[in-house]
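Residue numbering for the sequence shown follows the UniProt record's numbering, beginning at 1 and increasing consecutively.
Just so you know, even glycine gets a beta-carbon here, dropped at the ideal spot from N, CA and C.
Model, not experiment: these values are computed from the prediction.
One structure is given here, and the rest of the page talks about it.
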Amino acid sequence: MANVINLAINGIQHIGIPVTNIEVSQQFYSRLGFNNVMQAPFTDNGGSGTCIMMQRGNMIMELYQLPEVSLAEIRARSNGHVDHVAFDVDDIDLTYKTVKEAGLNILEPEPVFLQFWKNGCKYFNITGPDGERLEFNQIL
């Protein structure tokens, strides 16, 4: 059995879903009782995208629409669109250091800042044994 890495994970923060039409997806999740609690633009491969956090109770679905140039890959998926599961942490820098020291496959060279939420957030991703993306995220 592998050694357990001592990480302070509070719970699942959100589940990230790339969408091809942000308005249609927002309406769909609204019908399921989710509310838009955060919306922000972002850049990806030189284009602009939109991220909406839809919340119902303690569940958050991150819906994001990539720029048109990046949507072809999303549309071609035949196995669903869940992109990542994000874990909520209180100290992203300590979490990054702990994960790096454990030798896990980190995708970013350091935690990334996004101007999401009131004061922003910082995150980084690792991959699991089957290539699944797991994000660690701290809302600042």
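Where does Lys118 fall in DSSP's three states?
Coil, per DSSP.
Nearest candidate by alpha-carbon position, reference Lys122, set Thr98, Glu23 and Asp90
Asp90
Sufficient close CB pairs (3 or more, under 8 Å) joining the segment 61–78 to the segment 10–26:
Judged by Cβ distances under 8 Å, the segment 61–78 makes contact with the segment 10–26, as three or more pairs qualify.
For the beta strand (DSSP E) holding Thr43, just list the boundary residues, first then last.
Taken as a continuous stretch (DSSP letters only), the beta strand (DSSP E) holding Thr43 covers Asn35 to Asp44.
Which listed residue (Leu104, Arg75, Gly33 and Asn45) has its alpha carbon closest to that of Leu134:
Leu104
I'd like the span of the alpha helix (DSSP H) that includes Glu23, first residue to last.
Ile22 to Arg31
Where does the unbroken alpha helix (DSSP H) through Asn76 begin, and where does it stop?
For the sequence presented, residue 76 should be read as Ala rather than Asn. From DSSP, the alpha helix (DSSP H) with Ala76 extends over Glu68 to Ala76.
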